[in-house]
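Here the structure is laid out as structure tokens; the discussion comes afterwards.
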Amino acid sequence: MCKELKNIVLQEFTDQHIVVIGDLMLDKYLMGSVRRISPEAPVPVMRLREEKLLLGGSGNVALNLKRLGVSVSLIGLVGTDHNSSIIKDLLEEQQISSDHLISSSAKPTITKTRIVGEKQQIARIDQEEPSPVSSDVQSLLIEKVASLIASRSVDAIIISDYAKGLITDEVCRSIIRTAKEKNIPVIVDPKGKNFTKYENATVLMPNETELSIASRDNWQTEEDFTKIATQMYKALHVGYLAVTRGPKGISLISENKNRDIPTTVREVYDVSGAGDTAAAVLTIGFVAGLPIDKAIELANIAAGYVVSRWGTYAVSYAELSDAIQRYGQENTKRFTLPELESRVAEWKNHNQTIVFTNGCFDILHRGHIHLLREAKKEGDKLIVALNTDKSVQQLKGKNRPLNNLKDRVSVLEALSVVDAIIAFEEQTPLRLIKQIRPDVLVKGADYREEEIVGARVVTTGGGKVVRVPLVEGKSTTGLIEQIERSQQ
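Now the structure itself:
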């Protein structure tokens with residue numbers, strides 16, 4: 001883990017004051033179960049179980065900042081409807097002031113209602129009026145920004161533009177101009193076909209699709225992408241152009257050099273709000289003095305954490321600190337017990353079935369592969385508990401294992417069916433099973449259920465034990481004997 005990111009873990013952000021201006025939204029989730037199709041039309045019938053009301057758009061940016069300890073001022077527009085009251089209540093709950101909001105009867109409060117059945121989004125209903133706000137509202141927005149800058153120290157401004165009519169050319173240019181005069185960095189999460197209004201911003205953060213729309217161009221190769229992105233960077237005179245590219249990470253275009261910053265590999269459950277988190281955390285890192293590429297790494301880590309959660313989610317200081325500490329370890333499947341307990345809790349939170357098996361796996365053969373494949377069929381996540389070298393010696397004799405623990409872990413990590421590996425010193429994995437509490441325990445059929453270590457722990461907890469038939473004639477001991485005979 002790089003030194004700069006490690007230092008960020010030790011730093012509080014309470015001395016930062018960041019202004020957020022942009023399209024403020026209410027994210028509404030109607031969640032339930034789907035078991036049948038309507039007799040009236042070929043559509044699913046969902047039984048409503050839960051309704052969630054969350055801050056969205058610029059509200060989610062502000063919430064991310066607040067949860068990380070930053071002092072935040074939020075400027076936005078709401079209607080004069082019931083949903084505006086909900087937004088103000090949500091802000092109050094998070095101790096974010098609504099004093100800088102503008103109410104207008106000309107527009108409804110932007111509301112996105114997502115209908116979610118069994119964690120699958122079925123439909124989304126948008127309530128909005130995306131036409132540009134009136135000149136009076138534009139003047140008010142500009143005045144509010146200028147007033148905040150004049151009345152107290154502002155470390156950065158985030159413009160969260162969802163192309164809903166709030167961030168007009170005049171508003172955007174005025175904010176950037178005023179901020180530049182005061183040496184205040186402006187980070188922009190852009191939208192729409194017209195990027196010229198973002199000229200002279202400090203950091204512009206489009207995704208690939210947004211860049212393609214704004215540049216009116218597509219690319220087939222990396223060379224074409226770099227050429228188009230560089231042209232955009234130079235035309236807009238921004239300090240940095242940071243293009244988010246999904247699994248490819250973020251491409252940074254700057255005066256000194258271009259750089260591709262890889263993403264943090266995580267399981268993706270919901271991308272809602274990931275861009276808001278990235279903008280918030282990049283800004284925090286930038287204000288804290290991180291070089292831009294390290295600030296982007298920090299934003300990548302935070303966004304990677306958020307997409308592993310369901311719904312619009314704001315990362316906390318403790319969660320970000322933990323994610324930074326684990327940074328760079330996401331591609332390994334080997335875990336310590338505390339790390340695995342945390343990951344299992346995360347999996348179970350997403351209603352995933354945890355399968356557990358164990359063994360020495362000294363010389364991996366077809367019998368092992370068969371066992372692991374069958375085990376993975378029993379659930380969503382397969383944990384393999386692996387005897388340490390000392391443990392194997394105690395079980396198999398002083399000449400075993402033939403492959404040390406590091407090599408055995410490396411081979412198992414290469415198998416797509418394996419999700420997690422944990423080593424144990426004891427002769428049995430009973431302690432691990434008690435701690436992890438898997439839903440399914442898998443062993444070879446050469447064991448009777450009453451002989452399987454941990455079987456009672458799993459079944460009394462509501463889980464099950466599965467015995468997998470062996471592949472005849474395939475065992476590590478047999479292979480070793482065959483090799484020894486061939487050398488005689």
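If you read the sequence shown in full-length UniProt numbering, its first letter stands for residue 1, the second for the next number, and so on.
Ideal Cβ positions, reconstructed from N, Cα and C, are used throughout, including at glycine.
Rounded to the nearest whole angstrom, the CA to CA distance from V417 to T353 is 14 Å.
Taking all protein chains in view, the Cβ of Q231 is surrounded by fewer than 16 other Cβ atoms within 10 Å, so the residue is classified as exposed. Judged by pairs of C-beta atoms under 8 Å, the segment 150-157 does not touch the segment 117-132, as fewer than three such pairs exist.
Counting the other Cβ atoms within 10 Å of the Cβ of G304 gives 16 or more, which makes it buried. Secondary structure of F286 (DSSP, three-state): helix.
The beta carbons of G165 and S131 sit closer together than 8 Å. Taking C-beta atoms as the reference points, K333 and E255 fail to come closer than 8 Å.
DSSP places T459 in the uninterrupted alpha helix (DSSP H) bounded by A455 to T460. Inclusion of A385 and I324 in the CB contact set at 8 Å is not warranted, their separation being larger than that value.
Shown here, E425 sits in coil according to DSSP, grouped into three states, outside any helix or strand. Counting along the chain, P44 sits inside the beta strand (DSSP E) bounded by residues P44 to G57.
By the Cβ criterion, the segment 36-48 is not in contact with the segment 18-26, since fewer than three pairs of Cβ atoms, one from each stretch, lie closer than 8 Å.
M205: not part of any beta strand (DSSP E); DSSP gives it neither H nor E. Looking only at K443, I261 and V238, the smallest Cα-Cα distance to G249 is reached by I261. Annotated as distal: A345 and I383, with beta-carbon spacing of 8 Å or more. When DSSP assignments are scanned along the segment 71-140, the uninterrupted stretches of alpha helix (DSSP H) that are 4 or more residues long and fall wholly within it turn out to be 82-93. Contact between L415 and L372 is confirmed by a C-beta separation of about 6 Å, below the 8 Å threshold. If you draw a 10 Å sphere on the C-beta of G461, you find fewer than 16 other C-beta atoms in it, and that means exposed. DSSP lists E51 and I115 as the beta-bridge partner residues of L30. Burial of N60 is indicated by the presence of at least 16 other C-beta atoms within 10 angstroms of its C-beta. Residues of the same chain with a CB within less than 8 Å of the CB of G275, apart from the 5 flanking positions on each side, are D189, M205, N207, T244 and A303 in chain order. Here DSSP, grouped into helix, strand and coil, assigns F356 to strand.
Between V409 and K376 a beta carbon distance of about 18 Å is seen, past the 8 Å cut, so the two are scored as non-contacting.
By the CB criterion at 8 Å, V440 and V468 fall outside the cutoff.
Straight-line spacing of the CA atoms in E449 and P429 works out to 15 Å. Counting only the Cα atoms, A146 lies some 34 Å from I228. Of S134, A179, G76 and I433, the smallest CA-CA separation from G454 is found for I433.
Closest option to E181, judged by alpha-carbon separation, among I167, E170, T196 and A201: A201. The C-alpha of Y317 lies about 44 Å from the C-alpha of P401. Taking a cut-off of 8 Å for Cβ pairs, the segment 54-73 and the segment 277-289 touch, as three or more such pairs fall below it.
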